[in-house]
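Position one of the sequence shown corresponds to residue 304 (the working numbering), numbered consecutively onward. Where is the CB? At the ideal position from N, CA and C, for every residue including glycine. Computed from a predicted model, the values in this text were never measured in an experiment. The structure under discussion appears below in the form of structure tokens.
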Amino acid sequence: MAVNNNGPPIYADTPLQLLSTPAFQTGKKDSFTMAASHMTLSHNTLIRGYNSIYQQAPRLSPSDYSDFIGYCLAWHRCIEQHHTHEEVHYFPAIEKATGQKGVMDGETKEHASFHAGLKSFKDYLTSLSTPKDFNPSHLLSTMSSFSRPLRSHLASEPQAILALSRFASPERQFDLTAIEREEGKKAVSLNFAFNVLPIFMNNMETVEFEEGMWRNHPEIPRLVRWIMKVVIPLWNWKMWRFLACDAQGRRKRLVA
Numbered sequence: 304m305a306v307n308n309n310g311p312p313i314y315a316d317t318p319l320q321l322l323s324t325p326a327f328q329t330g331k332k333d334s335f336t337m338a339a340s341h342m343t344l345s346h347n348t349l350i351r352g353y354n355s356i357y358q359q360a361p362r363l364s365p366s367d368y369s370d371f372i373g374y375c376l377a378w379h380r381c382i383e384q385h386h387t388h389e390e391v392h393y394f395p396a397i398e399k400a401t402g403q404k405g406v407m408d409g410e411t412k413e414h415a416s417f418h419a420g421l422k423s424f425k426d427y428l429t430s431l432s433t434p435k436d437f438n439p440s441h442l443l444s445t446m447s448s449f450s451r452p453l454r455s456h457l458a459s460e461p462q463a464i465l466a467l468s469r470f471a472s473p474e475r476q477f478d479l480t481a482i483e484r485e486e487g488k489k490a491v492s493l494n495f496a497f498n499v500l501p502i503f504m505n506n507m508e509t510v511e512f513e514e515g516m517w518r519n520h521p522e523i524p525r526l527v528r529w530i531m532k533v534v535i536p537l538w539n540w541k542m543w544r545f546l547a548c549d550a551q552g553r554r555k556r557l558v559a
């Protein structure tokens, strides 16, 4: 972890290791490679969220606990809603496109493999009578209990998306990136935007990661990106100061 005598350390990708995108590994740009790569980028934001919690929890002062608990719960909600969106919208759309009922059932089962750990994470935080009761060691122990199945799933699911190319044929053609884009519209609400979206958008390091090839991801109008990354985080800014990256997509100095 990078340390500077002038302040807290810069965020580092630990204890969970980031994932590399298929597009960076292969140089391919077909819809299967790109959809799998976009999922990888989304999963990396969840990994950075996990790491930012894990790194900062032991070093915070009690005055930070209330805001930090809110940040932790926002991360939990982000990963929970990510999986709900997949199971309710994205996976059924994939089944329809491929003509393969249950083709993503394995990924749904993987979700269940660490949901008990995520529930323990949330239950602990919501059970605290007061923020002063927060115990960093207890939180880290809970996180460690589901880290392996979580990381395993985040790594394997993009490969399952990539493997969907086996169902494409001259008779059955489909664009996974178009499906991803259309179904993704169903994931965002006003409540989600103000209370969860910064976890996703501002835990996305785009300047250094994979030589900056994802600097413009997601591909949205510049004004919309500015609103998402700069304006929205002003709401509950004390909670979002624990993010791993700044609005420009660079790893930033942690709170503690």
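Buried versus exposed call for residue i [16 or more other C-beta atoms within 10 Å across all chains shown]
i	result
Gly552	buried
Arg554	buried
Ile350	buried
Leu344	buried
Ser469	According to the sequence provided, residue 469 is Arg. The question's Ser does not apply to it. The residue is exposed, with fewer than 16 neighbouring Cβ atoms inside 10 Å.
Gln320	exposed
Gly352	buried
Val558	buried
Glu522	exposed
Pro536	buried
His414	buried
Phe497	exposed
Asp367	buried
Inter-residue Cα distance where the pair is residue i and residue j
i	j	result
Ala458	Leu322	7 Å
His456	Trp529	31 Å
Gly561	Leu421	Limits of the chain in this structure are 304 at one end and 559 at the other, which puts residue 561 out of reach.
Lys404	Thr411	13 Å
Leu363	Arg380	22 Å
Ser472	Glu389	24 Å
Leu465	Phe495	28 Å
Asn307	Pro452	With a pLDDT of only 49 at Asn307, under 50, the local geometry of the prediction cannot be trusted, and the value read off the model is given with reservation. Each residue's Cα considered, the two are about 33 Å apart.
Tyr427	Arg475	48 Å
Met564	Asp478	With the chain running from 304 to 559 in the structure shown, residue 564 is simply not present.
Asp328	Glu511	Reading the sequence as shown, one finds Gln at residue 328 and not Asp. So the two alpha carbons sit approximately 16 Å from each other.
Met342	Leu442	27 Å
Nonlocal neighbours in the same chain, by C-beta distance under 8 Å from residue i, ignoring five residues either side
i	result
Lys331	Pro325
Beta bridge counterpart(s) of residue i as assigned by DSSP
i	result
Arg556	Ile313
Cys548	Arg554
Residue nearest to residue i in terms of C-alpha spacing, selected from the options
i	options	result
Trp540	Tyr374, Asn506, Arg380	Tyr374
Ser444	Ile356, Pro434, Thr329, Phe545	Ile356
Phe335	Asn519, Ala400, Ser369, Leu442	Ala400
Gln462	Ile382, Trp378, Leu442, Met407	Met407
Phe449	Gln320, Glu522, Ser416, Glu474	Ser416
Leu546	Ile372, Pro439, Lys435	Ile372
Arg484	Thr429, Pro318, His520, Lys532	His520
Close-in-space but distant-in-sequence residues of the same chain around residue i (CB under 6 Å, 5 per side omitted)
i	result
His392	Glu486, Lys489
Ile382	Leu349
Trp509	A small correction: the amino acid at residue 509 is Thr; Trp does not occupy that position in the sequence shown. Same-chain partners within the cutoff: Trp517, Arg518, Gly552.
Residue i CB to nearest heavy atom of the ligand SAH below 7 Å
i	result
Arg380	This structure lacks the ligand SAH; in fact it carries no ligand of any kind.
Contacts around residue i, its chain only, beta-carbon distance under 7 Å, and the 5 residues preceding and following it disregarded
i	result
Ala305	Residue placement at Ala305 is flagged as unreliable, the pLDDT there being 47, under the threshold of 50; a coordinate-derived value is accordingly withheld.
Gly310	Arg556
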